[in-house]
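Position 175, counted from 1, in the sequence shown is what UniProt numbering calls 175; the numbers after and before it change by one each time, with no gaps. Inspection log for the structure reproduced underneath, given as structure tokens.
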Amino acid sequence: MDSIKFGIIGCSRIAKRSVIPAILKSEFAELEIIGSRTLEKANEFSNEFNCKKFGTYDNVISDDSVDAVYISTPIGTHKEWVMKAASAGKHIYCEKSFFPQDITQETAKEVIKHAKQNNVRMMEGFMFRFHPQHQKVKELIDDKKIGDLFSFNGSFGFPAFPEGDIRYNKELGGGFLNDSGCYPVYASRMIFNEEPLAVFHTNVLDPKTGVDVKGTSLLIYENEKTATITYGNGNYYQAKYEIWGSDGIISLDRAYSVPPDFTTKVSLQYNIENNWNGRRNKIFEINPTDHFLEMIDTFCMEINGEKKAPFNFEQELLNQSKIMSAHYSSCSSKKMVWLDEVS
Numbered sequence: 001m002d003s004i005k006f007g008i009i010g011c012s013r014i015a016k017r018s019v020i021p022a023i024l025k026s027e028f029a030e031l032e033i034i035g036s037r038t039l040e041k042a043n044e045f046s047n048e049f050n051c052k053k054f055g056t057y058d059n060v061i062s063d064d065s066v067d068a069v070y071i072s073t074p075i076g077t078h079k080e081w082v083m084k085a086a087s088a089g090k091h092i093y094c095e096k097s098f099f100p101q102d103i104t105q106e107t108a109k110e111v112i113k114h115a116k117q118n119n120v121r122m123m124e125g126f127m128f129r130f131h132p133q134h135q136k137v138k139e140l141i142d143d144k145k146i147g148d149l150f151s152f153n154g155s156f157g158f159p160a161f162p163e164g165d166i167r168y169n170k171e172l173g174g175g176f177l178n179d180s181g182c183y184p185v186y187a188s189r190m191i192f193n194e195e196p197l198a199v200f201h202t203n204v205l206d207p208k209t210g211v212d213v214k215g216t217s218l219l220i221y222e223n224e225k226t227a228t229i230t231y232g233n234g235n236y237y238q239a240k241y242e243i244w245g246s247d248g249i250i251s252l253d254r255a256y257s258v259p260p261d262f263t264t265k266v267s268l269q270y271n272i273e274n275n276w277n278g279r280r281n282k283i284f285e286i287n288p289t290d291h292f293l294e295m296i297d298t299f300c301m302e303i304n305g306e307k308k309a310p311f312n313f314e315q316e317l318l319n320q321s322k323i324m325s326a327h328y329s330s331c332s333s334k335k336m337v338w339l340d341e342v343s
């Protein structure tokens with residue numbers, strides 16, 4: 001199979017640190033052209049990654065040799081470049097969150113329909129789901145090591161970004177629910193393997209910029225399961241989740257953002273049979289994995305027909321978008337929002 005040739009739209013930190021290196025490492029992908037708002041920045045990236053072609057975003061879109069684009073522009077501009085890329089017949093791997101908070105489900109469906117009409121695929125960039133530590137978690141759950149699932153508790157936060165960071169720009173889709181809170185939201189769906197029924201969300205706004213900088217959510221799932229989500233900018237770093245079951249607990253301390261050379265650990269705490277006061281602990285070490293590379297490979301193999309992805313890209317995107325919309329509706333109304341009411 002021929003490699004998928006990528007064009008880069010947006011010279012972001014994550015593109016430089018993680019995504020472009022993963023494309024270069026992948027046996028299923030090639031770096032074809034780098035695009036930026038300024039030719040100076042595009043040339044800088046081109047030199048660093050030994051890419052022969054560079055230019056503007058439009059140069060990437062119009063390049064006939066490009067099969068797929070990676071979009072890492074500000075969230076508020078995603079729709080514009082997704083639509084242009086789809087119209088040009090380019091497959092799309094777009095950074096999370098795919099849509100800003102003011103996008104309706106009707107608009108999200110229109111974007112997906114537009115891509116389908118142009119025979120292109122779209123994937124939202126939640127790279128963490130491709131790390132094998134989550135597969136280990138699912139194996140433990142499937143083997144009933146912690147019994148029946150009761151709750152998910154996920155947190156993702158970090159020290160404050162400096163003033164002027166794009167995450168503080170409300171007009172460009174800034175805010176930290178879309179930047180970090182979306183990770184544990186997505187993880188709860190992945191672990192429970194279903195969609196929530198309802199969402200309650202509250203947040204703290206930055207008085208200078210008006211974007212959300214901290215927040216907490218309660219997601220209601222079927223059979224009385226719940227997920228509690230906490231995120232924040234300006235906190236001690238953590239990127240964890242914990243799953244509480246009738247017979248034990250599974251926890252990850254580095255669940256969302258994992259360096260490719262980092263050995264992760266899955267912690268299992270469980271009861272001794274017939275003795276609920278007795279407990280055992282097991283630690284499962286997971287070998288270092290580049291989850292960005294795993295994501296790129298999965299995306300490319302799905303596109304070229306070599307291997308089917310374990311989930312439908314577009315349906316996942318739409319489901320996540322609906323839940324994020326419910327978060328903002330809940331915060332605005334200060335009420336629980338049921339997902340069947342989100343439009």
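By construction, the Cβ of each residue, glycine as well, lies at the ideal position given by its N, Cα and C atoms.
Considering Cα atoms alone, identify which of the options is closest to residue i.
| i | options | result |
| --- | --- | --- |
| residue 351 | G175, L293 and E163 | It is not possible to answer for residue 351, since the shown part of the chain is limited to 1 through 343. |
| residue 369 | Y70, K113 and G154 | Given a span of 1 to 343 for the chain in the structure shown, any question on residue 369 remains unanswerable. |
| F6 | Y328, V342 and D297 | D297 |
| T38 | G55, E32 and L24 | G55 |
| E273 | D290, D247, Y256 and P259 | D247 |
| Q135 | S332, H327, T289 and H201 | T289 |
| N193 | G245, K138 and L218 | K138 |
| C94 | K116, A115, Y70 and I112 | Y70 |
| S97 | D67, Q315 and H78 | H78 |
| E48 | V60, I34, F313 and D58 | I34 |
| residue 345 | V60, P74 and F99 | Past the boundaries of the shown model lies residue 345; the chain is included only from 1 to 343, so the question cannot be answered. |
| F99 | G174, I23, N271 and K144 | G174 |
| S188 | R280, E222 and R167 | E222 |
| M336 | R280, V199 and S257 | V199 |
| K144 | E80, G245, D253 and N169 | G245 |
| H291 | Y57, A255 and E302 | A255 |
| N312 | E80, D58, I112 and Y57 | I112 |
| E224 | E80, L149 and K116 | L149 |
| D142 | I191, K116, H114 and R167 | I191 |
Roughly how many whole angstroms lie between the Cα atoms of residue i and residue j?
| i | j | result |
| --- | --- | --- |
| Q133 | I286 | 6 Å |
| E195 | D206 | 30 Å |
| F45 | T226 | 44 Å |
| E171 | G76 | 7 Å |
| S151 | K52 | 50 Å |
| R17 | P310 | 26 Å |
| V82 | S267 | 39 Å |
| S251 | P159 | 22 Å |
| T216 | S180 | 12 Å |
| G234 | K308 | 40 Å |
| Q269 | N43 | 51 Å |
| T126 | K25 | Residue 126 is actually Phe in this sequence, not Thr. So the two alpha carbons sit approximately 19 Å from each other. |
| R129 | W338 | 26 Å |
| Q101 | A326 | 10 Å |
| A209 | P162 | A quick correction: the sequence has Thr, not Ala, at residue 209. Whole-angstrom Cα-Cα distance: 13 Å. |
| S332 | N203 | 10 Å |
| N304 | E32 | 17 Å |
| K334 | V211 | 17 Å |
| D261 | E314 | 30 Å |
| S36 | C300 | 23 Å |
| D165 | P74 | 11 Å |
| T263 | E341 | 42 Å |
| I23 | I8 | 10 Å |
| I220 | E316 | 18 Å |
| C11 | K41 | 7 Å |
| N178 | E124 | 12 Å |
| P259 | A68 | 25 Å |
| L218 | N50 | 46 Å |
| V19 | N271 | 41 Å |
| E27 | Y236 | 37 Å |
| D253 | N169 | 30 Å |
| K116 | R279 | 52 Å |
Write down the C-beta distance between residue i and residue j rounded to the nearest angstrom, noting that I regard them as a contact closer than 8 Å.
| i | j | result |
| --- | --- | --- |
| residue 347 | I14 | The shown model of the chain, from 1 to 343, leaves out residue 347, and the question about it has no answer. |
| I146 | I243 | 7 Å |
| V213 | F176 | 6 Å |
| I283 | K265 | 5 Å |
| H131 | S330 | Contact flag wrong, Cβ pair sits at about 29 Å. |
| S62 | A29 | Not confirmed; about 20 Å, so no contact. |
Between residue i and chain D, is any beta-carbon pair separated by less than 7 Å?
| i | result |
| --- | --- |
| E194 | No chain D is part of this structure, which consists of one protein chain only. |
What are the start and end residues of each continuous beta strand (DSSP E) run of 3 or more residues lying completely inside the region 107-144, in chain order?
Here the runs fully enclosed are 122-124.
Do the region 309-323 and the region 102-113 meet, that is, are 3 or more Cβ pairs less than 8 Å apart?
Proximity of the region 309-323 to the region 102-113 meets the contact definition, three or more beta-carbon pairs being nearer than 8 Å.
For a minimum of 4 consecutive residues, which ranges assigned as the alpha helix (DSSP H) are wholly contained in the region 48-73?
Entirely contained in the region 48-73, the alpha helix (DSSP H) runs reaching 4 residues are, in chain order, 57-62.
Can you confirm whether the region 77-94 touches the region 109-124 when touching is taken to mean that 3 or more C-beta pairs between the two stretches lie within less than 8 Å?
Yes, they touch.
Examine the Cβ distances between the region 229-236 and the region 179-186 and report whether three or more of them are shorter than 8 Å.
In this structure the region 229-236 touches the region 179-186; the number of beta carbon pairs closer than 8 Å is three or more.
Please give me, in chain order, every unbroken run of the alpha helix (DSSP H) with length at least 4 that falls completely inside the region 142-222.
Restricting attention to alpha helix (DSSP H) runs no shorter than 4 residues, the region 142-222 encloses them at 182-192, ordered along the chain.
Of all the alpha helix (DSSP H) runs that stay within the bounds of the region 266-305, which reach a length of 4 or more residues?
Note on the region 266-305: whole alpha helix (DSSP H) runs with a minimum of 4 residues are 291-304, in chain order.
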